[in-house]
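Asks: Sequence positions in the sequence shown follow my numbering and run 40 to 292.
Don't be surprised by glycine CBs; every beta carbon is placed ideally from N, CA and C.
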Amino acid sequence: MNGAPLRKRIRVRPLLLSLLCGWLFALQAAILLGQGRDDLSGTVGDALLAQAPEMASANAVTTVVVSYRGFDTLGEVTVLFLAATGIALFFGAHPGGRAAQPRARRRPPNEMMVTGIRLLFPVLVLFGVYIVVHGHLSPGGGFQGGVVIATAFFLRMLADPDFLLDHGWVRLLESLSGSGFVLFGLAGLTLVATGTFLGNFLPHPVAAMGQLLSAGVIPLIYILVGIKVGAEVGAIFQDMVEQAPEPDPKQET
40 MNGAPLRKRI RVRPLLLSLL CGWLFALQAA ILLGQGRDDL SGTVGDALLA
90 QAPEMASANA VTTVVVSYRG FDTLGEVTVL FLAATGIALF FGAHPGGRAA
140 QPRARRRPPN EMMVTGIRLL FPVLVLFGVY IVVHGHLSPG GGFQGGVVIA
190 TAFFLRMLAD PDFLLDHGWV RLLESLSGSG FVLFGLAGLT LVATGTFLGN
240 FLPHPVAAMG QLLSAGVIPL IYILVGIKVG AEVGAIFQDM VEQAPEPDPK
290 QET
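#1: Buried or exposed: which applies to residue 272, given that a residue is buried once 16 or more other Cβ atoms fall within 10 Å of its Cβ?
#2: Considering only residues of the segment 163-243, which uninterrupted alpha helix (DSSP H) runs meet the minimum length of 4 residues and lie entirely inside it, listed in chain order?
#3: Do the CB positions of residue 187 and residue 167 come within less than 8 Å of each other?
#4: Note down the Cα distance separating residue 57 from residue 66, rounded to an integer number of angstroms.
#5: Would you identify the three-state DSSP class for residue 283, choosing helix, strand or coil?
#6: Consult DSSP for residue 113 and reduce its assignment to one of helix, strand or coil.
#7: Output needed for residue 202: all residues of its chain with C-beta closer than 7 Å, excluding positions within five of it in sequence on either side, in chain order.
#8: Within 10 angstroms of its Cβ, does residue 184 collect 16 or more other Cβ (buried), or is it exposed?
#9: Keeping to the same chain, check which residues put their C-beta closer than 7 Å to that of residue 182; ignore five residues upstream and five downstream.
#10: Just to confirm, are residue 116 and residue 262 a CB contact at a threshold of 8 Å?
#11: Below 8 Å, how does it come out for the segment 214-222 and the segment 101-110: are there three or more Cβ pairs, yes or no?
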């Protein structure tokens with residue numbers, strides 16, 4: 040056995056931190072279980088489903104995400120933006136303050152991979168656009184469609200080492216889509232007819248439910264979300280492809 044004193048074998052700070060995290064987890068679990076036994080919590084889903092037709096959106100999940108849960112959606116978009124910014128800073132930070140060095144040229148991909156991705160690229164982009172535009176009619180929406188579009192560009196980067204996204208255009212699309220999302224939200228919040236963040240202030244007759252031009256402002260919001268998610272995820276993919284850690288001088292010698 041180790042002959043060191045007990046206080047030296049056990050680190051106090053990690054132990055206290057572990058106990059604090061365990062207590063917070065137990066407290067959160069108790070709160071969630073207590074709310075789960077509440078009769079009111081069991082009727083929230085039914086109430087939202089009953090009100091969903093008011094937005095003329097055939098997809099009830101879209102109605103909840105874009106309308107009733109608008110602030111939460113804003114938080115999700117913000118988290119993705121912070122993640123993309125953190126990854127960009129991580130890949131761009133090097134010892135000594137020197138700029139990141141481009142990744143050494145990879146071995147060219149085989150012809151089968153290049154041909155397959157070139158054929159698949161427009162199909163994936165079109166499929167992503169379809170998911171975004173039809174988010175109020177079928178499962179999907181801006182988040183899912185944006186990731187599909189970004190994945191198409193990521194595959195193109197793998198197939199063609201010279202193909203890179205223009206950082207200026209990516210930043211412009213991300214900024215415009217994010218600003219448009221916030222402006223739509225503030226418009227719904229300030230108008231008397233809605234008075235809620237991301238309120239559906241455009242005409243949305245229930246008779247038009249199921250049509251492409253329906254649900255008022257919801258399709259427009261999902262288009263902005265799709266552009267923002269696609270730009271940010273695409274930027275993340277490009278940062279991982281074109282940046283590499285600086286080689287260790289000791290290993291070179």
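Replies: So, from the data block:
#1: buried
#2: 181-198, 206-229
#3: yes
#4: 14 Å
#5: In this prediction, residue 283 scores a pLDDT of 48, lower than 50, which makes its location untrustworthy; the coordinate-derived value is nonetheless stated afterwards. If DSSP states are grouped into helix, strand and coil, residue 283 belongs with the strands.
#6: helix
#7: 195, 196
#8: buried
#9: 264, 268
#10: no
#11: no
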